[in-house]
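Chains as they are written, first to last, in this note's numbering: chain A, 11 to 636; chain B, 192 to 420. Virtual Cβ for every residue (Gly too), placed ideally from N, Cα, C.
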Amino acid sequence: MKVNLPDQLLLSVQKPARYIGGEVGSIHKDPSFVHTHFCFCFPDVYDVGMCHLGLQILYHDINSYDGVYCERCFAPWPDMEEKMREAKIPLFSLETFTPLKEFDFLGFTLQYEMSYTNILNMLDLAGVPIYSKDRTEEDPLVIAGGPNAYNPEPLADFIDLYYMGEGEVEYEHLFQLYKEHREKGGSRRSFLLKAATVPGMYVPALYDVTYEDEPAEGCLHTPRIRSIRPNHEGVPETVTKVLVTDMDAIEYPTHPIIPYLQIVHDRAVMEIFRGCIRGCRFCNAGMIYRPVRMRSKENILNWVDEVLKATGYDEISLTSLSSNDYPGLYDLLSTIHERYPHVNVSLPSLRVDAFSLQLMEELAQGKKSGLTFAAEGGTQRLRDVINKGITEEEILTGVHLAFAGKWDRVKLYFMLGLPTETLEDVRGISELASKIVHEWYTIPKEERSRDVAVTVSTSFFVPKPFTPFQWCAQTPYEEYMNKQSYLRDAIKDRKVRYSCHDAFMSTLEGLLARGDRRIGKLLYAAWKNGCKFDSWTEMYDEAAWKKAIEETGTELAYYNYRERKEDEVFPWEHISVGVSKEFLYHEYLEAAEGHVTPNCREKCSNCGMLKVCRTGVCVEKRGEKS
Amino acid sequence: MIQMIFYKGGLLRFVGHLDMMRTIHRAIRRADIPIAYSQGFNPHPIMSFANPLGLGLTGEREIMEIRLEKEMPAEQCMQQLNRELPEGLRILAAQSIPDQTPAIMSLVEAAIYRIEFPEGMDCQTPFLAMMEQPEILITKMGKVRGRKQQVEVNIKPWIYAFSFDSPSVLHLQCACGSVTNLKVELLTMKLFETMGRPECWHQEKITREALLAGPEKNFYNYSDESLWD
Numbered sequence: 011m012k013v014n015l016p017d018q019l020l021l022s023v024q025k026p027a028r029y030i031g032g033e034v035g036s037i038h039k040d041p042s043f044v045h046t047h048f049c050f051c052f053p054d055v056y057d058v059g060m061c062h063l064g065l066q067i068l069y070h071d072i073n074s075y076d077g078v079y080c081e082r083c084f085a086p087w088p089d090m091e092e093k094m095r096e097a098k099i100p101l102f103s104l105e106t107f108t109p110l111k112e113f114d115f116l117g118f119t120l121q122y123e124m125s126y127t128n129i130l131n132m133l134d135l136a137g138v139p140i141y142s143k144d145r146t147e148e149d150p151l152v153i154a155g156g157p158n159a160y161n162p163e164p165l166a167d168f169i170d171l172y173y174m175g176e177g178e179v180e181y182e183h184l185f186q187l188y189k190e191h192r193e194k195g196g197s198r199r200s201f202l203l204k205a206a207t208v209p210g211m212y213v214p215a216l217y218d219v220t221y222e223d224e225p226a227e228g229c230l231h232t233p234r235i236r237s238i239r240p241n242h243e244g245v246p247e248t249v250t251k252v253l254v255t256d257m258d259a260i261e262y263p264t265h266p267i268i269p270y271l272q273i274v275h276d277r278a279v280m281e282i283f284r285g286c287i288r289g290c291r292f293c294n295a296g297m298i299y300r301p302v303r304m305r306s307k308e309n310i311l312n313w314v315d316e317v318l319k320a321t322g323y324d325e326i327s328l329t330s331l332s333s334n335d336y337p338g339l340y341d342l343l344s345t346i347h348e349r350y351p352h353v354n355v356s357l358p359s360l361r362v363d364a365f366s367l368q369l370m371e372e373l374a375q376g377k378k379s380g381l382t383f384a385a386e387g388g389t390q391r392l393r394d395v396i397n398k399g400i401t402e403e404e405i406l407t408g409v410h411l412a413f414a415g416k417w418d419r420v421k422l423y424f425m426l427g428l429p430t431e432t433l434e435d436v437r438g439i440s441e442l443a444s445k446i447v448h449e450w451y452t453i454p455k456e457e458r459s460r461d462v463a464v465t466v467s468t469s470f471f472v473p474k475p476f477t478p479f480q481w482c483a484q485t486p487y488e489e490y491m492n493k494q495s496y497l498r499d500a501i502k503d504r505k506v507r508y509s510c511h512d513a514f515m516s517t518l519e520g521l522l523a524r525g526d527r528r529i530g531k532l533l534y535a536a537w538k539n540g541c542k543f544d545s546w547t548e549m550y551d552e553a554a555w556k557k558a559i560e561e562t563g564t565e566l567a568y569y570n571y572r573e574r575k576e577d578e579v580f581p582w583e584h585i586s587v588g589v590s591k592e593f594l595y596h597e598y599l600e601a602a603e604g605h606v607t608p609n610c611r612e613k614c615s616n617c618g619m620l621k622v623c624r625t626g627v628c629v630e631k632r633g634e635k636s
Numbered sequence: 192m193i194q195m196i197f198y199k200g201g202l203l204r205f206v207g208h209l210d211m212m213r214t215i216h217r218a219i220r221r222a223d224i225p226i227a228y229s230q231g232f233n234p235h236p237i238m239s240f241a242n243p244l245g246l247g248l249t250g251e252r253e254i255m256e257i258r259l260e261k262e263m264p265a266e267q268c269m270q271q272l273n274r275e276l277p278e279g280l281r282i283l284a285a286q287s288i289p290d291q292t293p294a295i296m297s298l299v300e301a302a303i304y305r306i307e308f309p310e311g312m313d314c315q316t317p318f319l320a321m322m323e324q325p326e327i328l329i330t331k332m333g334k335v336r337g338r339k340q341q342v343e344v345n346i347k348p349w350i351y352a353f354s355f356d357s358p359s360v361l362h363l364q365c366a367c368g369s370v371t372n373l374k375v376e377l378l379t380m381k382l383f384e385t386m387g388r389p390e391c392w393h394q395e396k397i398t399r400e401a402l403l404a405g406p407e408k409n410f411y412n413y414s415d416e417s418l419w420d
């Protein structure tokens, strides 16, 4: 059955092109000739979801398998949702307009906590029971993956099966199992039992969580987790992420889907490496994507050729978690620039020095875009605590050079509420910004641009799973806000602009990030109270969230404000991303001492990754620096 | 310069004008057509369209022009571009024209629309009654002394000719240009309102069949390649 979208309906919503599919690069197959029909579901609106490289990678990867068809679905914007509910149109896929309920798999990607309510809403719009336990043999299997899946527990009640790790590795295997299961026949549960034995697969229903008898210290009624154990024979005690061991041996989506709509990042994307050597202690991505694995320059250049030819884009972004850690980066960039002088090349987090400034200008076709520094902490002491290897000297030398080259906009990113942070650290943010402005004044009038603008942006630190700070107490809301107003008052320099926002969303993020199975009922209650698109300020309903917290008796004292002890059994205790708990705890202690840990290229710190695989930076010769 | 007559329809009807322009530009790049760019900090491709087509409308014979950096035969341009265009966009004819040709936007003054109302609905009687009135007033967003606001305009003078194929199929010749322009969707909205059936708006199918040019309303079909030299 195909969903029929009347013109009248499409003409009554904003941006109807979100719902029509048919883009260049989208793949069309006849669903009746495949054994596995998969729908990649992005729990946010089309314009956001289509910027996601993981979608393009998985879409093309899964569609390359014989007998498998991968389609797409995004969360309809509330205006469309209203029309669909009115007209009783179920949620549908963009390629063949098939109702989601008719698929074999619905695959949700978990990119950020504030998208979780959209998953519940999408299941509801699809007519698929929201709770996993209520689904029947007729319903699709709901699978989830992505960076936030490593703490699968807040959504454990709603997801049938989790995929831990990089999508390129085990989907083919999983679909093969599914094909056999379909041929032989058998229940949903029998398939899930088999799937649970595939590397990286986690079936929440096959694990039991037990709790302590007494509430945790300082909490009214929430006890700590005692254990998380499989409840069925043959199900692994620990699920370890799967990862690509040779980045040059896998395909790259050189023929991506090209949206009609102008999306947030409307350009070609080339992933140059995966993982990060830096080991910033607050950073979840820096831990879960270990180890660093490079793509070779030859492959990157070939793929850049192909992707530009196939798309017609005039801008390409080279993505990674930290551009400068690509050995031979400048060489790579110069080559791309020589080959494509009219293509705008952008790349995130480039270190600022004389060479990179010149290169940036060339790559941006003479445009002087703003400079960005993610200093994160206001003082060197705090930057050592978080292991952020950037010094004040580096920043000041960089901006001096840039100002002399007539750059005039600098953006600085910081986090408030980092562990051990004092008011002195907060003041340090303002001082650093003023020093930067001062650098501009040291340059003779005729050599600098007419004016300077320094923007300070702060976000709030949220402790994340699988980081050394997973044991930390999160800063309470009031304290977040006090620090923010303290900083606002401290910034007196008229050339410095400060941009900040309310902190309660960060509290919610922290709650969901380190939540456990008991958080499922909170998510359900929040959704029932109308929460969706929570990351959109115009949709975010703080009162509805607070009501849900109250209704479900969720204790922030337990989830947010409690410092965990060394022996804490985390909700993600049974999941392994390769980095060991011992290493993370050691890093937590080092942080308290302000000890810096060298990056992976300088020295191996025995994070535990080598026990999972021998690849990437773990087996590179040391001392090979970019 | 290459002038092209193209079709826009199917699901592409829901892609707005700016998004369609970007789609065509990327197709031109993929097709290796040496399009020229403007000079300056933000070079943009030199391409122009006769008149933006409203969301939901089909354009049977739309017109666009692109400037080339180096010569390429019009026929080859069309073939290469058609290979790269998505379903719903198609070049029907192409010709080389001198670079000095006046801008297409300033030449086109009118258009012919076919409006198919829901089957069996008599729209002829209410339409004729509406045309009997001295004025047909619609409200639209417009500028008054530079400020954007709702303004009331009389669109009757912009309707040049009409005929009914049947009581539910209207052919309309009306203003379509950079000076005066009738958004046909606003006319159908007005019509449904006078019929007391506002909920029917957008159920009608609107097709722009041709773009017309010519001085003093002595129009000729500008999107008919048989009139090319």
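is_contact[residue i, chain B] using C-beta, thresh 8 Å
i: A/Ile30; result: yes
i: A/Pro486; result: no
i: A/Ala27; result: yes
i: A/Lys631; result: no
i: A/Ser327; result: no
i: A/Gly380; result: no
i: A/Leu20; result: yes
i: A/Gly59; result: no
i: A/Asp17; result: yes
i: A/Lys12; result: no
Residue from the options whose Cα sits closest to the Cα of residue i
i: A/Glu457; options: A/Glu489, A/Val447, A/Arg437 and A/Gly415; result: A/Gly415
i: A/Val466; options: A/Glu386, A/Phe543, A/Glu612 and A/His62; result: A/Glu386
i: A/Glu180; options: A/Glu434, A/Ile260, A/Gly196 and A/Thr248; result: A/Ile260
i: A/Cys614; options: A/Glu33, A/Val447, A/Arg288 and A/Ile140; result: A/Arg288
Range of the contiguous beta strand (DSSP E) that encloses residue i
i: A/Met280; result: Ala278 to Glu281
i: A/Tyr2; result: Chain A is shown from 11 up to 636; residue 2 of chain A falls before or after that span and cannot be answered.
i: B/Met195; result: Ile193 to Lys199
i: A/Pro225; result: Tyr217 to Pro225
i: B/Thr330; result: Leu328 to Val335
Outcome for residue i when other beta-carbon atoms lying within 10 angstroms are tallied against a minimum of 16
i: B/Ser229; result: exposed
i: A/Lys12; result: exposed
i: A/Asp218; result: exposed
i: A/Tyr126; result: buried
i: A/Ser516; result: buried
i: A/Asn14; result: exposed
i: A/Glu634; result: Unreliable placement is indicated for A/Glu634, whose pLDDT of 48 sits below 50; no coordinate value is reported for it.
i: A/Arg498; result: exposed
i: B/Val375; result: buried
i: A/Asp324; result: buried
Residue i - DSSP class collapsed to helix/strand/coil
i: A/Arg393; result: helix
i: A/Arg234; result: strand
i: A/Arg572; result: coil
i: A/Ser459; result: coil
i: A/Gly156; result: coil
i: A/Tyr490; result: helix
i: A/Leu21; result: coil
Any C-beta of chain A under 8 Å from that of residue i
i: B/Thr214; result: yes
i: B/Glu278; result: yes
i: B/Gln364; result: no
i: B/Gln271; result: no
i: B/Ala227; result: no
i: B/Phe232; result: yes
Terminal residues of the alpha helix (DSSP H) in which residue i lies
i: B/Leu248; result: Run containing B/Leu248: none; DSSP gives neither H nor E here.
i: A/Arg199; result: Arg198 to Ala205
i: A/Glu178; result: Premise fails: A/Glu178 is in no alpha helix (DSSP H) and is neither H nor E.
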